[in-house]
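Protein chains in written order, with the working numbering: chain A, 2 to 331; chain B, 2 to 331; chain C, 2 to 331; chain D, 2 to 331.
Protein chains: 4
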Amino acid sequence: MIKVAIAGASGYAGQETLDRVLAHPALELWALGSDTLAGRPADALDPRLGRNGWRSIPRFITNEAALACGADVVFLCLGHEEAASLEPPARGVVVDLSGAHRFADPSVYESWYGFEHPKALGLEQWSYGLPEVSPPTGRLIANPGCYATAVLLALTPIADEIERSGVVVDAMSGMTGAGRGLKPSSHAGTVLENVAPYRVGEHQHAPEIAEALGFPVTLVPHLLPVRRGLLATCFVRSRGVDLREVLEGHYAESHVVTVLPEGVAPELGRIQQTDGAEIGIFEDRLTGITIVICALDNLGKGAAGQAIQNVNVVYGFEETSGLRLSGVLV
Amino acid sequence: MIKVAIAGASGYAGQETLDRVLAHPALELWALGSDTLAGRPADALDPRLGRNGWRSIPRFITNEAALACGADVVFLCLGHEEAASLEPPARGVVVDLSGAHRFADPSVYESWYGFEHPKALGLEQWSYGLPEVSPPTGRLIANPGCYATAVLLALTPIADEIERSGVVVDAMSGMTGAGRGLKPSSHAGTVLENVAPYRVGEHQHAPEIAEALGFPVTLVPHLLPVRRGLLATCFVRSRGVDLREVLEGHYAESHVVTVLPEGVAPELGRIQQTDGAEIGIFEDRLTGITIVICALDNLGKGAAGQAIQNVNVVYGFEETSGLRLSGVLV
Amino acid sequence: MIKVAIAGASGYAGQETLDRVLAHPALELWALGSDTLAGRPADALDPRLGRNGWRSIPRFITNEAALACGADVVFLCLGHEEAASLEPPARGVVVDLSGAHRFADPSVYESWYGFEHPKALGLEQWSYGLPEVSPPTGRLIANPGCYATAVLLALTPIADEIERSGVVVDAMSGMTGAGRGLKPSSHAGTVLENVAPYRVGEHQHAPEIAEALGFPVTLVPHLLPVRRGLLATCFVRSRGVDLREVLEGHYAESHVVTVLPEGVAPELGRIQQTDGAEIGIFEDRLTGITIVICALDNLGKGAAGQAIQNVNVVYGFEETSGLRLSGVLV
Amino acid sequence: MIKVAIAGASGYAGQETLDRVLAHPALELWALGSDTLAGRPADALDPRLGRNGWRSIPRFITNEAALACGADVVFLCLGHEEAASLEPPARGVVVDLSGAHRFADPSVYESWYGFEHPKALGLEQWSYGLPEVSPPTGRLIANPGCYATAVLLALTPIADEIERSGVVVDAMSGMTGAGRGLKPSSHAGTVLENVAPYRVGEHQHAPEIAEALGFPVTLVPHLLPVRRGLLATCFVRSRGVDLREVLEGHYAESHVVTVLPEGVAPELGRIQQTDGAEIGIFEDRLTGITIVICALDNLGKGAAGQAIQNVNVVYGFEETSGLRLSGVLV
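In C-alpha cells:
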C-alpha cells in the first residue's frame, strides 16, 4: 500500500481528497495535516469520520508534521502562498492542488497572484498534470485549476484546428470553488438567489490556460448559487475541421471525460459529486461559431479527483482507481 | 384614468404586469383576461388580490372578452402563437409581451419560432419598443424579449464603435423566464442545484438582437437555479473609442439603467424584483477584449416593467411611473 | 445472479432503484419497464446509461412486460393507484415503493388516498418492510413512505418510553419527494427561494405512521427548495427513561442509521445522495420535551435504498449490499 | 420631518431599516452610523445609494457619533452585547432591534445570551413593541426577535383559548436571519442545498416568547437555504373555542397581518421582501391538534419593518407608513 499524507485536510479540496484516498484500493491514509485541527480526532472535521470502518483514521497533526512523516504521496491542499513557501519533501510524489507550482515563470505570481514566489528557482521541477491532455511527467505535480481544467479539456484537443484569436470563455462555478475560508463573497446571504461575475478579465486561471494552450483566451467567471459544479462555455471558430469529430476521437477511450451526442448539453446535475466531465458541441445558426461546453465538479475533476488521477498516472494504476464515477442519480 | 385590459393575466408576465398597473397613478385596471381562470375572482390567482384596497379588482374574463372590452391599453401576455393569431383591437394602445410581433419579416416565425404567422400582412404596423435605445413609434408595440433587452441595452449604444464580427453573448436567466407552463425543464427537481445551457446557438432572441443591432451575435442562454434575474455577458472588441464613456453618456439621464463604476460588476441580487438594469464594463488583461455585462430582472425590465415603460412613452407619462425601482434591500 | 425487473423505471424512485441495482453485486438488471419510454434505449432516460460498462443495459419495455418477464425480484416504482391495480407476479419477490400495499385495511385508501383499492382482498399478504424496526416477513413487501421512514426510525425504538398523546412531527422534504410528474407545486418558479407547508394535518403518511407505531402523531410536511433530503423533527415527552440511551442501543450495530453524539444535529448535507440516516437527540431547556430529529435522503433511505435493503433482508445478503453509504463529501 | 439616526447601518437589519426610512414620508435620514464604514460615502454599502435622488445621503459616521447627533429617532441595529453596553440618548425615541432590552430580568442575559448585562438597572424602562399584540408604551422600545414575532402573532390572540402545556413550535428561517457576520454556519458552501436545525431547545427567542405569552413553548429553529423569509409552525390544542374565528377577529383591521382563508397555507414566496405576515390555520385529522402557521420576512416584519411600525405607533403615523406591503410579485 502507498502511504498518503494530506496537508490542509480540513479545507474543501483536502476533505474531498481524503474521501478519494479512503476509497482507493492502493492508497493508505498515513497522515492528516491541518494546522487548525492539529491534535483533534478526524471526526472533528466531519462526524462521518468517526463511524464504522473509519474509526481508525489518524488524528490531525500539523501540516509541517504531515509533510515530514515519510509518506509516499503528499497532497498539498493549501492556499497558494502557503503552498509556495513550503519546502517539498525530498522524495516521494507531491501533488499540489493550489496554484503555487503551475508556472515555470515566477513573474506570473507577482502579476496575477499578488505575491513574490519564495521558491522561484524550484518552479521548473514541477510538471502540470492534466491526465487527458497533459499527463504529469515527474514526481512533483502541479494539479490544474478548476476553470483551467474545464477549458483545457474542451480546447486542447482542438487547439490546432481553431482560430487562435478571439476565443472567448464564459464560465461559472459553484461556490465551494471559492474555498472554505470566510469572506463576504462566500456568505450565503450574498450567494443565495444571486449570480455574480467576479475577477472579470483578470482571473488567475487565464494565464494558466494561456500557458497550456499556447495562446490567450478571454475568461469571465461567475459565482453560482449552487454548492458544486462548474460550466465553461467556450466560443471558437473552426479552421474547417469538424471539431466534434476531433473531440470524440480524443476522448473515445476515456472513462472520465464523455463527449455527449449531438443536441445534448452538459449540465451540472449529472456531474456533481463525481470526478467525471461532460463535453457538448454546438454550432451557432447565425454566425457559424462553434460552442464547446464542458461541465465538471469543481471539487472532483476540478480538484481532488484530478489529483488522485495524477497519482494513478504516476504509479500506473487504473485510470479510475479511487475516483467517483458511477451511478445515475437523479 | 387610462383603462387597462390584460390578456393572459394568469401567467408570470401577466401577473407582473398586473402588479405594475395596480401601482401606476394614471392606469386603471379595467379587465383581467385568462382563459383558464375566466369567471373566477382575482384572488384565485393570488390570495393577496383579495385583500385591502384590492378587494374591488374585477373577476377574470376570457382573453377574447378582455380584448373586446374597450380598454385604452391592452397588454398581451400570451404565448407567441396565440398572440400572433389574435386580431388586435382597432383602437387604443396594444403592447404585446410575446414575440409574435417583433419581426416585420414573417419568415422568421417559420424558421425560429416553428409556426407560420397567421397575420403576416399586419406585422409592419408594429414597432419594437425598447425605450432607452429604440422607443416605440406607434400604438402597436412589440415588447422586446428578456435576453434581447439585456443585450441591446449593453450593445446598442456602442454598436458603431465595435467590431461587428465575432461578438459573443453568454447569458443566463432565472427560470421564471421559461414561463408558468408545466414542462420537464421547468420541474424543480431538474432546476435546483443545476445549471443547464439550452437552445444553444438557436435561441429565438438571436434574430431579434440581430435585427435591432444590424448584425448578428452568438448567443448562448443558460437556465439558472434562481427564480428571477438575467445576466448577459457580452464580449466585444472596441474600434478605439472608450466604450465606458459612450455607455455612461448614453445612460446619464436614465432612471432605469445604471452604468456601474469601474470595478463593480452587476449582480442579480440588486435588480431582482425591480424594473431597473445595471451595466458593468471591464477590459480583459490578456486579450484587450471589452466585456459589457448587463443584469436585469427577466420579469421586470425584461417583460412587465418594460411594457409599462412603453406605455409611459406613448402617453408622455413620467419615465418611471408605475415601475418598481426603489429601495436597497439586502 | 438474481434477475431484477423495475416497473416505472423512468420516475425518480425507479431511476434511483436502477442506480442501486447496477451497483449491487448479486443483482442483475433483467428488465426496465416504463410505459412512456417503452421501445427506447436506456439512455433515453439519462445519457449516462449509454456509457462504458452500461452499454449493455436493456431497452425499455412496457411495465406490463416488465412484470411478466420472469424476474426474481420486481420493484414497483409506480403511482399509488397504478400499483394498486396491478396483479403482482405469482412468484418471486415484489417490492412496492408506492403506498398501494402499506395498509391491510382497504378503507384507508378511500379516506386518505382518494381511491377505492381494486385488490382489497390481497392486501393482507403484504408485509411492511422497514429493516431496522420492522423487517419484511414475506415475498410481497410494502416499502415505507419517506416521511414514515424518518419518523419510524426516530420513534419506533422509543415508542414504549414516551407519552403517546401529543406527539408532534414537523417534517420537510426536498422536492424530488413530490415525484417527476408535472404539477404547479413542483414548478421551479414556485419552489425556488420558497418553503410551503402542504397537506397540513392530512398527509397520507400520517395513518401509515399511526399503524406502525400503534398511536397517531400530528404530522405537518413542508416542501423545501432543495433537490433531495428529508428532515423529521419529532417532539416527544419521555416517561422517564433516557431516550438517547435507548436509541443508541437500538442502532449500535447498524451501518445505515447513525445516532449522532450529543450536541450534533442531523443535516441534509451529510445524507444527501446516500442511503443512510442520521438521528440527533436534544432536550428542551424550558419544557423538558425531547426532540428527536431524523435526516435521510427521500430517494435513498426514503425510497430506493430501503427497497434494496429489503431485498437484502429477504435474500440474506449483506445489510449494505448495493447501497450508497460511503464517503465524506463536503 | 422627524430626524432619524441608524447605528449599525451596514448590517442586514440596518440596511433594511435604511430602506424603509428612505421610503417613509415623515422620516428624514439624519445620520448613518457604522464603525466599519465610518468616513466613507453611503454607496460604500450599496452602489444603489449613490444614484438618483439618493445622491444626498450622508456619509457614514461612527455609531457613537450617530447616537450623539441629536436625532429624534435612533435605531440600534447592533449586536446584542454592543447594544446592551450603550447609554441610550437622553431624549428621543430609541428602537433597539437587538435582544439587549427585551427582558426586565437581567439574569436572562447571563443564562441565554452568554453575557452579563452592563446596564441591568435600566432594563425596566424599555417596553416590548409588537404593534398587533403588544404595542410599545414609551420612548425606549425593544423590537422583538424574528422567531418571537412570528410565534407571538400566531399565539398571543389565542393564548387564553389553548392548553398551555405542550405547545410546540417548529420554525425555520432564511439565512439572513443569522446576520452579515462571517461564520462557518453562514458560509454558502454549508447553507446551499442544506437544512440544519440549530440551537435546538435552547434558542434565545424561547424565553422571549415565554415572557410575552406567559407560558413556555418548545422551540426548534432550522436554517433554510433561502435568503429571506421565516416560517413558524405552531402546534396547539384548543380548549374548545374556534381558534380561526379568534384569529380572524383579531386581525380583521390589520393591513400588516393577513389570516388566510381555509385550506390556504402561508408560504415564503408571498411575504419575502415585504413587511407583512400571513397566518394559516389547520386541524389535524388524526389528533385534533390545531396547527397555526405564520410566515413573515425575517428582515421585514421580523426586524426593520416592525421597527418602523413601532415608530409609527409612537408618533401616531399611519400604521403602514414607510412599510413595504404592496404588490403581487410572482
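Positions of the beta carbon are idealized from the N, C-alpha and C atoms, including for glycine.
Computed from a predicted model, the values in this text were never measured in an experiment.
Beta-carbon separation (whole angstroms), residue i vs residue j, contact threshold 8 angstroms
i, j, result
"residue 144/B", "residue 307/B", "6 angstroms"
"residue 294/A", "residue 198/B", "6 angstroms"
"residue 52/B", "residue 259/D", "6 angstroms"
"residue 1/D", "residue 142/D", "What the structure shows of chain D is the stretch from 2 to 331, and residue 1/D is not part of that stretch, so it cannot be assessed."
"residue 320/B", "residue 313/B", "6 angstroms"
"residue 149/C", "residue 82/C", "About 19 angstroms separates the two Cβ atoms, so there is no contact after all."
"residue 147/A", "residue 186/A", "That pair is no contact at about 16 angstroms."
"residue 331/D", "residue 13/B", "5 angstroms"
"residue 85/A", "residue 62/A", "That belief does not hold up - the Cβ atoms of residue 85/A and residue 62/A are roughly 22 angstroms apart, past 8 angstroms."
"residue 1/D", "residue 70/D", "Outside the displayed span of chain D (2 to 331) sits residue 1/D, for which this structure offers no information."
"residue 236/D", "residue 282/D", "12 angstroms between Cβ atoms; not a contact."
"residue 1/B", "residue 220/B", "Within the shown structure, residues of chain B are numbered from 2 to 331, placing residue 1/B beyond reach of any answer."
Residue i Cβ short of 6 angstroms to the ligand NAD heavy atom set
i, result
"residue 213/B", "Summarising the ligand content, the structure contains no ligands, and the ligand NAD is consequently not present."
7 angstroms Cβ cut-off: residues of chain A touching residue i
i, result
"residue 217/B", "287 and 288"
"residue 13/C", "331"
Min CB distance residue i to chain C below 7 angstroms
i, result
"residue 198/D", "yes"
"residue 298/A", "no"
"residue 47/A", "yes"
"residue 183/B", "yes"
"residue 221/D", "yes"
Residue-chain proximity (residue i, chain B), Cβ-Cβ < 7 angstroms
i, result
"residue 192/C", "yes"
"residue 173/C", "no"
Where residue i meets chain A, residues with beta-carbon distance less than 8 angstroms
i, result
"residue 334/C", "The question about residue 334/C has no answer here: the residues shown for chain C are numbered 2 through 331."
Interface residues of chain B facing residue i [CB-CB closer than 9 angstroms]
i, result
"residue 112/C", "Those within 9 angstroms of residue 112/C in chain B number zero; the least Cβ separation is about 28 angstroms."
"residue 176/C", "188, 189, 190 and 193"
Minimum Cβ-Cβ distance from residue i to chain D less than 7 angstroms
i, result
"residue 100/C", "no"
"residue 169/C", "yes"
"residue 95/C", "no"
Chain C contact residues for residue i, given Cβ-Cβ distances below 7 angstroms
i, result
"residue 63/A", "Within chain C, no residue comes near residue 63/A; the closest Cβ sits about 21 angstroms away, beyond 7 angstroms."
"residue 202/D", "283, 284, 285, 286 and 292"
"residue 226/D", "226 and 227"
"residue 259/A", "52"
"residue 211/D", "287"
Contacts that residue i makes with chain A (C-beta to C-beta distance below 9 angstroms)
i, result
"residue 109/B", "Residues of chain A passing the Cβ test: none, with the nearest at roughly 12 angstroms."
Closer than 7 angstroms to chain E by CB, residue i
i, result
"residue 209/A", "Within the model displayed, chain E is absent; protein chains A, B, C and D are what it includes."
Test: residue i CB closer than 7 angstroms to a CB of chain A
i, result
"residue 207/B", "yes"
(message) Three Cβ pairs or more, each shorter than 8 angstroms: is that satisfied between the stretch 62-77 of chain D and the stretch 21-39 of chain D?
(response) yes
(message) Along the stretch 262-294 of chain A, where does the CB come closer than 8 angstroms to a CB of chain B? Name the residues.
(response) 266, 267, 268, 269, 270, 273, 281, 283, 284, 285, 286, 287, 288, 290, 292 and 294
(message) Tell me whether the stretch 224-233 of chain C and the stretch 292-310 of chain C touch, counting them as touching only if at least three CB pairs, one residue from each stretch, are closer than 8 angstroms.
(response) yes
(request) Taking only beta carbons into account, state which residues of the stretch 17-45 of chain D come closer than 7 angstroms to chain B, listed in chain order. (result) 17, 19, 20 and 24
(message) Can you confirm whether the stretch 72-83 of chain A touches the stretch 13-26 of chain A when touching is taken to mean that 3 or more C-beta pairs between the two stretches lie within less than 8 angstroms?
(response) yes
(request) Taking only beta carbons into account, state which residues of the stretch 228-240 of chain D come closer than 8 angstroms to chain A, listed in chain order. (result) 228
(message) Using a Cβ distance threshold of 8 angstroms, determine whether the stretch 119-134 of chain A contacts the stretch 172-192 of chain A, with at least three qualifying pairs required.
(response) no
(request) Taking a Cβ distance cut-off of 9 angstroms, strictly less, list which residues of the stretch 136-155 of chain A are near chain B, in chain order. (result) none
(message) Any contact between the stretch 230-250 of chain B and the stretch 156-170 of chain B? By contact I mean 3 or more CB pairs, one from each, below 8 angstroms.
(response) yes
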